[in-house]
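Residue numbers (my numbering): 142 to 367. A virtual CB, placed ideally from N, CA and C, is assigned to each residue, including glycine. A short worksheet on the structure shown next.
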Amino acid sequence: MRKLFILALLALALAPAAARAQAPHEYAPIEEKTVNYKDWTYKRLNDGKEINLRTYAKGKKLVMVVYFAPWCGNWRNEMPVAAKLYDKYKDQGFDVIGISEYGTLDEVKACVGEKGAPYTVVTESEGREARDKTTHYGYRQTTGDTRRWGSPWNIFLIPSKLTKSGDVLVEKTFVVNGEIVEADADKFIREQLGLPAPPATTVNAALNASTPTPCEPLKAGDLKKP
Numbered sequence: 142m143r144k145l146f147i148l149a150l151l152a153l154a155l156a157p158a159a160a161r162a163q164a165p166h167e168y169a170p171i172e173e174k175t176v177n178y179k180d181w182t183y184k185r186l187n188d189g190k191e192i193n194l195r196t197y198a199k200g201k202k203l204v205m206v207v208y209f210a211p212w213c214g215n216w217r218n219e220m221p222v223a224a225k226l227y228d229k230y231k232d233q234g235f236d237v238i239g240i241s242e243y244g245t246l247d248e249v250k251a252c253v254g255e256k257g258a259p260y261t262v263v264t265e266s267e268g269r270e271a272r273d274k275t276t277h278y279g280y281r282q283t284t285g286d287t288r289r290w291g292s293p294w295n296i297f298l299i300p301s302k303l304t305k306s307g308d309v310l311v312e313k314t315f316v317v318n319g320e321i322v323e324a325d326a327d328k329f330i331r332e333q334l335g336l337p338a339p340p341a342t343t344v345n346a347a348l349n350a351s352t353p354t355p356c357e358p359l360k361a362g363d364l365k366k367p
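Below you can see the structure in the form of structure tokens.
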């Protein structure tokens, strides 16, 4: 009996970490918002090379920039979806760039795994204390994202509509204040790439069924490689 009691206590202790690692979905719609999104240059995760967004976007039809915290369960939900969309449309002019926030480089590397993400990943901030000091935080305030950490946060850029010079790349574009709904994102991407609409599918009810959930940093040791 004592052994069963100890096992029960261990299960309760581990439950919060498991819940965060497999967080309930935090879906949000694709909406056009006014946001003065600026050009940036950040270091790439795998080799430290500086990546400039304006230069990187040249020659592409659509770029999805996704800001994420590596310890966030909601990002873990979206990560395979982002990879799937990238692999599906990368040859048609679509690209994805991940920007890590509020986590160390070791946490980011543990998040993407030994093989790394199939798309480019760069870093803006590396500590939790930067939560309200990043450009990511500023953009979220502008677009009405009231979540504490705002992970993931997605913004779509159409390179042909970007300014030719200056700090501001675009003043109005499409954003997702939460996880992307795969079916909606797929449809949007195809439209922007000029591809025919996919076959009609069952309406995804997940957006209406989802409930905002907290995305909080995990304790040391909670973050496991995928």
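Check whether residue i and residue j have beta carbons under 9 Å apart
| i | j | result |
| --- | --- | --- |
| Cys252 | Pro211 | yes |
| Leu203 | Ile330 | yes |
| Tyr278 | Arg269 | no |
| Ile299 | Val317 | no |
| Lys313 | Lys174 | yes |
| Ser241 | Glu219 | no |
| Tyr208 | Pro358 | no |
| Gly234 | Lys190 | no |
Residues bridged to residue i (per DSSP)
| i | result |
| --- | --- |
| Asn193 | Thr182 |
| Val262 | Gly239 |
| Val207 | Gly239 and Asn295 |
| Val309 | Lys179 |
| Lys302 | Note: Lys302 sits in no beta bridge, so no partner. |
| Glu320 | Tyr168 |
| Lys174 | Thr314 |
Straight-line Cα distance separating residue j from residue i
| i | j | result |
| --- | --- | --- |
| Arg288 | Pro337 | 35 Å |
| Tyr178 | Ile192 | 16 Å |
| Arg281 | Ile296 | 10 Å |
| Tyr227 | Gly257 | 14 Å |
| Tyr168 | Gly319 | 5 Å |
| Gly239 | Val206 | 6 Å |
| Val222 | Ala326 | 10 Å |
| Phe315 | Asp188 | 30 Å |
| Lys184 | Thr245 | 13 Å |
| Ser301 | Thr283 | 23 Å |
| Lys274 | Ile171 | 25 Å |
| Tyr230 | Asp236 | 8 Å |
| Pro340 | Glu323 | 14 Å |
| Cys213 | Lys199 | 31 Å |
| Glu255 | Ala224 | 15 Å |
| Gly307 | Val263 | 21 Å |
| Asp180 | Thr276 | 11 Å |
| Tyr197 | Thr182 | 10 Å |
| Leu303 | Ala164 | 35 Å |
| Pro259 | Glu265 | 19 Å |
| Arg217 | Val309 | 30 Å |
| His166 | Leu186 | 26 Å |
Per-residue burial, residue i [other beta carbons within 10 Å of its own, 16 or more giving buried]
| i | result |
| --- | --- |
| Leu334 | exposed |
| Lys366 | Because Lys366 carries a pLDDT of 48, less than 50, the predicted location of this residue cannot be relied on, and the following value inherits that uncertainty. It counts as exposed. |
| Asn215 | buried |
| Asp247 | exposed |
| Thr261 | buried |
| Cys356 | buried |
| Val176 | buried |
| Val249 | buried |
| Asp232 | exposed |
| Gly285 | exposed |
Residue i - containing alpha helix (DSSP H), residue span
| i | result |
| --- | --- |
| Lys328 | Glu323 to Leu334 |
| Lys250 | Leu246 to Val253 |
| Glu357 | Careful: Glu357 lies outside any alpha helix (DSSP H) and carries neither H nor E. |
| Asp188 | Careful: Asp188 lies outside any alpha helix (DSSP H) and carries neither H nor E. |
| Thr276 | Thr276 to Thr284 |
| Trp216 | Gly214 to Tyr230 |
Proximity test, residue i beta-carbon vs the ligand NAP heavy atom, cut-off 8 Å
| i | result |
| --- | --- |
| Ala198 | Ligands displayed in this structure: none; no statement on the ligand NAP is therefore possible. |
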